[in-house]
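For reference, the structure is listed below as structure tokens.
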Amino acid sequence: MLFVRRALLPAAALLLSACAQQTPNTLTLDNHARSCQPMQLSQGQEFNLRLPSNPTTGFRWSLRSDGAPQLKLLGPEVYTVPEKAGVVGGAGVSTWRFRAASSGDTTLALEYARPWEQDVAPAQRFDCRIRVK
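Heads up: the sequence shown runs through residues -8 to 124, numbered per our numbering.
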């Protein structure tokens, strides 16, 4: 019995330290400042980019640079409205899912604009430098 207790304590400590060293498989970048610090990702790691959005005003986020080939876009933009908003036409959140596909440096860049307005600067921009290891 004493042997089991002595073996379990170091094994538990080793397991916890191994978990603390690992990079999370999925992370979420909630960004209301429309920019981010340079991010470092591991190959295969996934992340969600969430930006405030209100398509009822005609404005949409569009990918200016999707970060390929270092990043792979995993699906289309998904727009959601918070349940507690309770306002028709209220703002929501646009979400994109990406996977770090190959090593190297890249930039993820989006613009918030009305698609039909030509020769007009975007209302907002989002830029993020990303390094995939």
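Glycine residues also receive a C-beta, built at the ideal position from the N, C-alpha and C atoms.
Item: Taking the alpha carbon of T71 as the point to measure from, which residue in F50, M30, S56 and G81 has its own alpha carbon closest?; Value: G81
Item: What's the C-alpha gap between G66 and R88?; Value: 6 Å
Item: Pick out whichever of T47, V79 and N39 has its Cα sitting closest to the Cα of A104.; Value: T47
Item: Please say whether A91 and V111 have beta carbons closer to each other than 8 Å?; Value: no
Item: Quick one: grab the DSSP three-state call for P46.; Value: helix
Item: How big is the Cα-Cα spacing for S56 and L101?; Value: 7 Å
Item: Excluding the five sequence neighbours on either side, which residues of its own chain have a C-beta within less than 6 Å of the C-beta of R120, listed in chain order?; Value: P29 and T98
Item: Which word fits W52, buried or exposed, when buried means at least 16 other C-beta atoms lie within 10 angstroms of its C-beta?; Value: buried
Item: Taking only beta-carbon positions, decide if Q34 is within less than 8 Å of chain C.; Value: Given the protein chain composition of this structure (a single chain), no chain C is represented.
Item: In this structure, how does DSSP classify Q28 when only helix, strand and coil are distinguished?; Value: coil
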